Amino acid sequence: MSKIQTSFSVKDLNLKNRIVMPPMCQFSVDKEDGVPNDWHFVHYVSRAIGGTGLIIMEMTGVEPDGRITNQDLGLWNDSQIPSYKKIIEEVHKFDCKIGIQIAHAGRKAEDASQPVGPSNIPVEVIPEETKNGVLTPPRSLETKEIKRIILSFKEAAERAIKAGFDTIELHGAHGYLIHQFMSPSINNRTDEFGNLSKFGVEIIKAVKSVMPEGMPLIMRISAIEYIDGGYDLEHSLKIAEEFKTAGVDIFHISTGGEGLPGKRKPLNTPGYQTPFARKFKEHLNLPVIAVGRLENPQIAESVLSNEDADLVAVARGMLNDPYWAMHAIKEIYKEVKPPKQYKRAIR
Numbered sequence: 001m002s003k004i005q006t007s008f009s010v011k012d013l014n015l016k017n018r019i020v021m022p023p024m025c026q027f028s029v030d031k032e033d034g035v036p037n038d039w040h041f042v043h044y045v046s047r048a049i050g051g052t053g054l055i056i057m058e059m060t061g062v063e064p065d066g067r068i069t070n071q072d073l074g075l076w077n078d079s080q081i082p083s084y085k086k087i088i089e090e091v092h093k094f095d096c097k098i099g100i101q102i103a104h105a106g107r108k109a110e111d112a113s114q115p116v117g118p119s120n121i122p123v124e125v126i127p128e129e130t131k132n133g134v135l136t137p138p139r140s141l142e143t144k145e146i147k148r149i150i151l152s153f154k155e156a157a158e159r160a161i162k163a164g165f166d167t168i169e170l171h172g173a174h175g176y177l178i179h180q181f182m183s184p185s186i187n188n189r190t191d192e193f194g195n196l197s198k199f200g201v202e203i204i205k206a207v208k209s210v211m212p213e214g215m216p217l218i219m220r221i222s223a224i225e226y227i228d229g230g231y232d233l234e235h236s237l238k239i240a241e242e243f244k245t246a247g248v249d250i251f252h253i254s255t256g257g258e259g260l261p262g263k264r265k266p267l268n269t270p271g272y273q274t275p276f277a278r279k280f281k282e283h284l285n286l287p288v289i290a291v292g293r294l295e296n297p298q299i300a301e302s303v304l305s306n307e308d309a310d311l312v313a314v315a316r317g318m319l320n321d322p323y324w325a326m327h328a329i330k331e332i333y334k335e336v337k338p339p340k341q342y343k344r345a346i347r
């Protein structure tokens with residue numbers, strides 16, 4: 001049986017279908033205050049109208065200097081809450097659930113006067129993929145600063161709950177701060193946070209301590225690294241075991257992002273990250289979200305039907321088409337129920 005339109009539940013999160021809009025930075029904050037504006041409202045609400053089951057809002061900084069750029073969203077003070085609430089309330093009108101990805105960019109914070117990380121090891125990036133073409137080398141965090149950042153994650157989660165989000169995702173992938181701490185190539189600390197899982201575990205515990213019991217916690221993780229000497233699947237699965245014990249309910253499986261690829265490079269072909277999702281699903285016995293070139297509805301459906309993953313995240317496909325979900329369901333099932341305003345065109 002086809003699965004993309006079937007419902008799915010984790011704890012108290014009940015989704016009408018298996019389609020996820022994953023976090024995608026919009027770099028569209030216009031006052032550098034981290035507050036979502038009209039662009040974000042239209043961007044997210046249109047995907048809810050388009051039939052998406054779960055939207056995960058883009059990477060949102062727990063501190064001002066924890067953002068990739070000053071044009072990114074933030075959730076570090078209570079005055080930011082009302083703008084998120086406005087988006088959430090509208091998204092909910094279309095039977096769509098919405099979460100938020102909270103994060104700290106660490107050494108990849110482009111606009112921070114002094115980026116920080118577990119160590120002072122700089123990141124090598126493709127110049128055209130950064131705003132200024134170069135990144136300032138990071139400063140190694142002091143232990144007391146690390147504990148303050150953990151508290152910032154907890155406080156951001158509290159604000160997310162006040163705003164009305166249905167779930168929270170922690171960004172532990174793509175070379176940002178949680179990923180940096182779990183990477184042997186980046187974390188060379190000799191204090192307690194030299195334990196490669198500890199920073200992530202402490203954040204998970206802090207966030208879970210303020211989340212309602214029925215709200216699931218999602219963790220996005222890079223299954224492998226592409227830099228020479230980077231970690232492999234065995235390492236990420238071992239770390240994920242500890243994250244599961246700490247309280248993660250769903251894993252969102254990506255790869256890479258820690259720096260310039262070495263000999264091992266991402267395939268970037270349809271479904272190229274799906275085998276990693278399946279490994280996580282089998283090893284941890286938890287729900288997983290697959291992501292990575294799944295914009296072809298037939299491929300997305302095959303991932304679900306083959307039980308490689310429980311949910312499929314479609315990124316660029318949804319940037320290209322706000323109504324991707326409806327169009328995909330129509331292709332797979334030969335019928336769809338669009339909003340009444342669009343029945344003349346989508347049926």
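Using UniProt numbering, the first residue of the sequence shown is number 1, and each one after it goes up by one.
Glycine residues also receive a C-beta, built at the ideal position from the N, C-alpha and C atoms.
All figures in this text were calculated on a predicted structure; none of them were measured in a lab.
Measure from the alpha carbon of G200 to the alpha carbon of each residue in V210, S183, M211, E213, then state which is nearest.
The count along the sequence shown starts at 1 and reaches residue 200 at position 200. Minimum Cα distance to G200 is reached at S183.
Counting C-beta neighbours from all protein chains within 10 Å, is the total for I126 16 or more, i.e. buried, or is it exposed?
Counting from 1 along the sequence shown, the entry for residue 126 is found at position 126. Exposed is the call here.
What residues are listed by DSSP as bridge partners for M59?
Locating residue 59 in the sequence shown gives position 59, counting from the first residue. Note: M59 sits in no beta bridge, so no partner.
Closest residue to G34 among E58, T52, Y44, A48 (Cα-Cα distance):
For the purposes of this step, residue 34 is identified with residue 34 of the sequence shown, where counting begins at 1. Nearest option by C-alpha distance: E58.
From the DSSP output, which residues share a beta bridge with A313?
Within the sequence shown, the letter at position 313 stands for residue 313. According to DSSP, A313 bridges with V20, V291.
Give the straight-line distance between the Cα atoms of P22 and A105, rounded to the nearest whole angstrom.
The residue given as residue 22 occupies position 22 in the sequence shown. The residue given as residue 105 occupies position 105 in the sequence shown. Looking at the two C-alpha atoms, the distance is approximately 17 Å.
Is S152 buried or exposed, if buried means 16 or more other CB atoms sit within 10 Å of its CB?
Within the sequence shown, numbered from 1, the residue matching residue 152 stands at position 152. Result: buried.
What first and last residue would you give for the beta strand (DSSP E) that runs through G172?
Translated into positions along the sequence shown, residue 172 becomes position 172. First-last of the beta strand (DSSP E) with G172: 167 to 172.
In the DSSP assignment, what residue or residues form a beta bridge with A160?
As a first step, residue 160 must be located in the sequence shown, where it is residue number 160. In the DSSP output, where bridge partners are listed per residue, A160 has none listed.
If you draw a straight line from the C-alpha of G133 to the C-alpha of S46, how long is it?
On the sequence shown, position 133 is the one that residue 133 refers to. On the sequence shown, position 46 is the one that residue 46 refers to. Whole-angstrom Cα-Cα distance: 33 Å.
Between which two residues does the beta strand (DSSP E) containing M326 stretch?
For the purposes of this step, residue 326 is taken as the residue at position 326 of the sequence shown. M326 -> not in any beta strand (DSSP E); alpha helix (DSSP H) instead, spanning 324 to 333.
Alpha-carbon to alpha-carbon, I55 and residue 380
Absent from the model: residue 380. The displayed extent of the chain is 1 to 347, so no value can be given.
Taking the alpha helix (DSSP H) that F276 falls in, what are its first and last residues?
Counting from one through the sequence shown, the residue named residue 276 turns up at place 276. Its alpha helix (DSSP H) spans residues 274 to 284.
Give the DSSP-derived three-state secondary structure of I121 in the structure shown.
Start at 1 with the first residue of the sequence shown, and residue 121 comes out as number 121. Here I121 sits in coil by DSSP.
Using a Cβ-Cβ cut-off of 7 Å (strictly less than) and excluding sequence neighbours within five positions of Y84, which residues of its own chain qualify?
As a position in the sequence shown, residue 84 is number 84, starting the count at 1. Contacts found: P36, A163.
Inter-residue Cα distance where the pair is H43 and E225:
For the purposes of this step, residue 43 is taken as residue 43 along the sequence shown, with counting starting at 1. For the purposes of this step, residue 225 is taken as residue 225 along the sequence shown, with counting starting at 1. When rounded, the distance between both Cα atoms is 31 Å.
Less than 8 Å separating the beta-carbons of D78 and R159?
Sequence index remark: in the sequence shown, residue 78 carries index 78 (1-based). Sequence index remark: in the sequence shown, residue 159 carries index 159 (1-based). In this structure, R159 lies closer than 8 Å to D78 by Cβ.
Validate contact between the region 232 to 243 and the region 277 to 291 using beta carbons, cut 8 Å, 3 pairs:
yes
Cβ shell of G259 (< 7 Å), same chain only, five flanking positions each side left out:
Numbered from 1 along the sequence shown, position 259 holds the residue referred to as residue 259. Once the five neighbours on either side are set aside, the close Cβ partners of G259 are V123, E124, V125, G175, I227.
Backbone secondary structure at H104 - three-state DSSP:
Walking along the sequence shown from the start, residue 104 turns up at place 104. Three-state DSSP puts H104 in coil, outside helix and strand.
Excluding five sequence neighbours on each side, which residues of the same chain lie with their C-beta closer than 7 Å to the C-beta of A109?
What you label residue 109 is simply residue 109 of the sequence shown in a count that begins at 1. Answer for A109: D65, G66, R67, I68, P115, listed in chain order.
In or out: A345 buried (at least 16 other Cβ within 10 Å) or exposed?
By 1-based counting over the sequence shown, the position of residue 345 is 345. That one is exposed.
Report the rounded CA-to-CA distance for V336 versus N70, giving the unit in angstroms.
Taking the first residue of the sequence shown as position 1, residue 336 is located at position 336. Taking the first residue of the sequence shown as position 1, residue 70 is located at position 70. If you take the alpha carbons of V336 and N70, they lie about 40 Å apart.
If you run the structure through DSSP and keep just helix, strand and coil, what is L177?
Position 177 of the sequence shown, counted from the start, is the residue given in the question as residue 177. Helix.
Determine, for L217, whether the minimum Cβ-Cβ distance to residues of chain D falls below 8 Å.
Reference to chain D is not applicable here, since this structure consists of a single protein chain.
Residues of its chain near L311, where Cβ-Cβ distance is below 6 Å and the 5 sequence neighbours each way are ignored
Within the sequence shown, the letter at position 311 stands for residue 311. Taken in chain order, the residues that qualify are R18, V20, I289.
Simplified DSSP assignment, three categories, for K97:
The residue labelled residue 97 in the question sits at position 97 within the sequence shown. K97 falls in the strand class under three-state DSSP.
Where does I250 fall in DSSP's three states?
Residue mapping note: residue 250 aligns to position 250 of the sequence shown, counting from 1. If DSSP states are grouped into helix, strand and coil, I250 belongs with the strands.
N-terminal and C-terminal residue of the alpha helix (DSSP H) that R47 is part of
Taking the first residue of the sequence shown as position 1, residue 47 is located at position 47. Unbroken alpha helix (DSSP H) run through R47: 38 to 49.
Report yes or no: do the region 247 to 258 and the region 199 to 218 share at least 3 C-beta pairs separated by less than 8 Å?
yes
Mapping the DSSP letters down to three states, classify I150 as helix, strand or coil.
Within the sequence shown, the letter at position 150 stands for residue 150. The answer is helix: DSSP assigns I150 an H, G or I state.
Local conformation of N320 per DSSP, three classes
For the purposes of this step, residue 320 is taken as the residue at position 320 of the sequence shown. Note: N320 maps to helix in three-state DSSP.
Enumerate in chain order the residues of its own chain whose CB-to-CB distance from P338 is below 6 Å, with the five nearest sequence positions on each side excluded.
If you number the sequence shown from 1, residue 338 lands on position 338. Hits under 6 Å: M326, I346.
In whole angstroms, give me the CA-to-CA distance for R189 and K144.
As a working mapping, residue 189 is identified with position 189 in the sequence shown. As a working mapping, residue 144 is identified with position 144 in the sequence shown. Cα to Cα, the separation comes out at about 14 Å.
Rounded to a whole number of angstroms, what is the C-alpha to C-alpha distance between A157 and I329?
By one-based count along the sequence shown, residue 157 stands at place 157. By one-based count along the sequence shown, residue 329 stands at place 329. Going by the C-alpha atoms only, they are around 33 Å apart.
Excluding sequence positions up to five away, which residues of its chain have a Cβ less than 6 Å from the Cβ of F280?
Within the sequence shown, residue 280 is the residue found at index 280, counting from 1. Once the five neighbours on either side are set aside, the close Cβ partners of F280 are F251, I253, V288.
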